[in-house]
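Worksheet: one structure, shown below.
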Amino acid sequence: MNVFIDIETIPEQPEEKARARIAETIKAPAAMKKVETIDAWHNGEGKYAGEKDRAIDDAYRKTSFDGAKGQICSIAWEIDGHDLTSTSDKDWLEADMLKHFFNDVKILCRGRPPYFIGQYIGGFDLKFLFHRAVILGIKPPFKIPFDGRHGKDFYCTQAAWAGFGGRMSQDNLCKALGIEGKPDDIDGSKVWDFYKAGKIERIEEYNRDDVQKIVKIYNRINFIGATQ
């Protein structure tokens, strides 16, 4: 049964501890060879003022792409024949969000294996869900086939459009198909900033909107509703 899905994630928590660990191990740019230049970069001297802090911030934000470090803050999904559903850590702990998602998919799929559909779903969403489930000790009631193949184990809208190894952002794909693109105020790069500002409800709305777009993209690519 088709399960359209999208997740939103945040960097490693707690933030202060994660940033401190990165600060202890981060290295100056590889192009820097002179000891005095490297020291100036680490100490933030002269033209290198603030560069190390920016590098730490960049490295910290990237942990939101790594299920071994980051966390899920919102999950949205739509199962064939059922309404769009979502859950976020506005009301749930991450572990409870996963349990709710797994249970809902199990019940609504009625014993049939879920066929997950999403943008770059194997490379990100399914992999992240699997890693978080393992780390939190929550056994999914079905296989999460992040290591499978597009078209067989899951359906990746990017691969369906651009081919194996090809790239096409969801926003650009929407524009190509005449579907409304990303909202002006938020995109994936801003989720952490919105989260820190306490705007989890807006993140969840954005998450839900992404799933609605995935449904439209899937239908267009598969000519569902198209004229002969």
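Residue numbers for the sequence shown, in our numbering: 139 to 366. Virtual Cβ for every residue (Gly too), placed ideally from N, Cα, C. Keep in mind it's a predicted model, so treat the numbers as computed, not measured.
- Taking only runs of the alpha helix (DSSP H) that begin and end inside the stretch 165–235, which ones reach a length of at least 4 residues, in chain order? Entirely contained in the stretch 165–235, the alpha helix (DSSP H) runs reaching 4 residues are, in chain order, 173–181, 189–200.
- Task: Spell out the partners DSSP gives Gly319 in its beta bridges.
- Result: By one-based count along the sequence shown, residue 319 stands at place 181. In the DSSP output, where bridge partners are listed per residue, Gly319 has none listed.
- Item | Own chain, CB closer than 8 Å to Arg340, minus 5 neighbours either side, in chain order | As a first step, residue 340 is located in the sequence shown; it is residue number 202 there, counting from the start. Within its own chain, the residues whose Cβ lies closer than 8 Å to the Cβ of Arg340, once the five positions on either side in sequence are excluded, are Asp323, Ile324, Phe332, listed in chain order.
- Message: Under DSSP, the beta strand (DSSP E) around Ile148 begins and ends at which residues?
- Response: For the purposes of this step, residue 148 is taken as the residue at position 10 of the sequence shown. Per DSSP, Ile148 is one residue of the beta strand (DSSP E) stretching across 140–148.
- Message: Taking the beta carbon of Ala178 as the centre, do at least 16 other beta carbons fall within 10 Å, making it buried, or is it exposed?
- Response: Along the sequence shown, read from residue 1 onward, the residue named residue 178 stands at position 40. With 16 or more neighbouring CB atoms inside 10 Å of its own CB, Ala178 falls in the buried class.
- Query: Opposite Ile255 in the DSSP bridges: which residues?
  - Reply: For this step, residue 255 is matched to residue 117 along the sequence shown. Assignment of beta-bridge partners to Ile255 by DSSP yields Phe142, Tyr293.
- Message: On the DSSP letters alone, give me the boundaries of the alpha helix (DSSP H) that His269 sits inside.
- Response: One-based indexing of the sequence shown puts residue 269 at position 131. Taken as a continuous stretch (DSSP letters only), the alpha helix (DSSP H) holding His269 covers 264–274.
- Chain-order list of residues whose beta-carbon lies under 7 Å from that of Ile194 (same chain, five-residue window excluded): Here the question's residue 194 lines up with position 56 in the sequence shown. Taking Ile194 as the centre and dropping the five residues before and after it, the same chain places the C-beta of Arg157, Ile160, Ala161, Ile164 closer than 7 Å to its C-beta, in chain order.
- Quick one: is Thr295 near chain C, going by C-beta distance under 8 Å? This model lacks chain C altogether; it includes just one protein chain.
- Give the straight-line distance between the Cα atoms of Leu264 and Lys155, rounded to the nearest whole angstrom. Position 126 of the sequence shown, counting from 1, holds the residue named residue 264. Position 17 of the sequence shown, counting from 1, holds the residue named residue 155. One Cα belongs to Leu264, the other to Lys155, and the distance between them is close to 27 Å.
- With C-beta atoms as the reference, is Ser202 less than 8 Å away from Pro152? Taking the first residue of the sequence shown as position 1, residue 202 is located at position 64. Taking the first residue of the sequence shown as position 1, residue 152 is located at position 14. Contact: no.
- Start and end residues, alpha helix (DSSP H) containing Asp347: As a working note, residue 347 is residue 209 in the sequence shown. From DSSP, the alpha helix (DSSP H) with Asp347 extends over 338–359.
- Query: Do you know offhand how far Gly289's Cα is from Ile259's?
  - Reply: Taking the first residue of the sequence shown as 1, we reach residue 289 at position 151. Taking the first residue of the sequence shown as 1, we reach residue 259 at position 121. Cα atoms of Gly289 and Ile259: separation of roughly 12 Å, rounded to the nearest angstrom.
- Message: Based on DSSP bridge pairs, tell me the residues matched to His288.
- Response: For the purposes of this step, residue 288 is taken as residue 150 along the sequence shown, with counting starting at 1. His288 is bridged to Phe292.
- Query: Going by alpha carbons, who is nearest to Asp229 out of Arg250, Ile338, Phe361, Leu222?
  - Reply: Position 91 of the sequence shown holds residue 229. It is Ile338.
- Task: For my contact list, Phe284 and Pro251 are in at a C-beta cut-off of 8 Å; report their separation, rounded to the angstrom.
- Result: Within the sequence shown, the letter at position 146 stands for residue 284. Within the sequence shown, the letter at position 113 stands for residue 251. Rounded, the Cβ-Cβ distance is 14 Å, inconsistent with contact.
- Query: What distance in whole Å lies between the Cβ atoms of Tyr198 and Thr295, which are believed to be in contact at a cut-off of 8 Å?
  - Reply: Numbered from 1 along the sequence shown, position 157 holds the residue referred to as residue 295. Numbered from 1 along the sequence shown, position 60 holds the residue referred to as residue 198. About 29 Å; that fails the 8 Å criterion.
- Quick one: measure Cβ to Cβ for Lys190 and Gly182, integer angstroms, because I've assumed they're closer than 8 Å. By one-based count along the sequence shown, residue 190 stands at place 52. By one-based count along the sequence shown, residue 182 stands at place 44. Contact holds; Cβ gap of about 6 Å.
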